[in-house]
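Engineer: Got a structure here, written out as structure tokens. Questions coming.
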Amino acid sequence: MIIGNRSYKNLGDELILAGTIKLLQQQGKKIWIQAYDPKWLRGFLKQFVDISDITFLTEIPKGVRSLLRYIWKQ
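In the working numbering, each residue's number is its place in the sequence shown (first place is 1) plus 20.
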């Protein structure tokens with residue numbers, strides 16, 4: 021599982037993530053990614069890597085205000 025800072029749509033971090041995924045795929049590793057917006061991240065990453073074998077998980081916000089906004093959007 022790849023876990024990082026919640027860097028929602030921070031393209032520099034997302035490109036580093038794409039490079040990490042490529043390396044892990046070359047090693048035949050199973051990849052799980054936890055993201056605040058997995059739908060957006062899936063769309064972004066599919067431009068750079070094969071996402072067919074990646075499991076995306078939704079990250080639940082940890083702060084009270086973020087959690088309330090998350091619940092309100094659902």
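C-beta atoms are modelled at their ideal positions from N, C-alpha and C, and glycine is treated no differently.
1) For R62, which of G32, Y90, W92, L37 has the nearest alpha-carbon?
2) What residues in its chain sit with their C-beta under 8 angstroms from that of D70, if we drop five residues either side in the sequence?
3) What separation, rounded to the nearest whole angstrom, lies between the Cα atoms of S72 and L88?
4) Can you tell me which residues form a DSSP beta bridge with L77?
5) On the CB-based measure, 16 or more other CB atoms within 10 Å of its CB, does I91 come out buried or exposed?
6) Based on Cα-Cα distance, which residue from K66, I74, E34, T40 lies nearest to I51?
7) Alpha carbons only, please: which of Q47, L31, D33, K66 is nearest the one belonging to F76?
Structural biologist: With the structure as the only source:
1) If you number the sequence shown from 1, residue 62 lands on position 42. Comparing Cα-Cα distances from R62 to each of G32, Y90, W92, L37, the minimum goes to L37.
2) As a first step, residue 70 is located in the sequence shown; it is residue number 50 there, counting from the start. Answer for D70: Q45, listed in chain order.
3) The residue given as residue 72 occupies position 52 in the sequence shown. The residue given as residue 88 occupies position 68 in the sequence shown. For S72 and L88, the distance between alpha carbons rounds to 32 angstroms.
4) Taking the sequence shown and counting its residues from 1, the one referred to as residue 77 is at position 57. DSSP, once it has assigned bridges, lists Q54 as partnering L77.
5) Counting from 1 along the sequence shown, the entry for residue 91 is found at position 71. Classification for I91: exposed.
6) By 1-based counting over the sequence shown, the position of residue 51 is 31. The candidate whose alpha carbon is nearest that of I51 is I74.
7) The sequence position of residue 76 within the sequence shown is 56, counting from 1. Considering only alpha carbons, the answer is K66.
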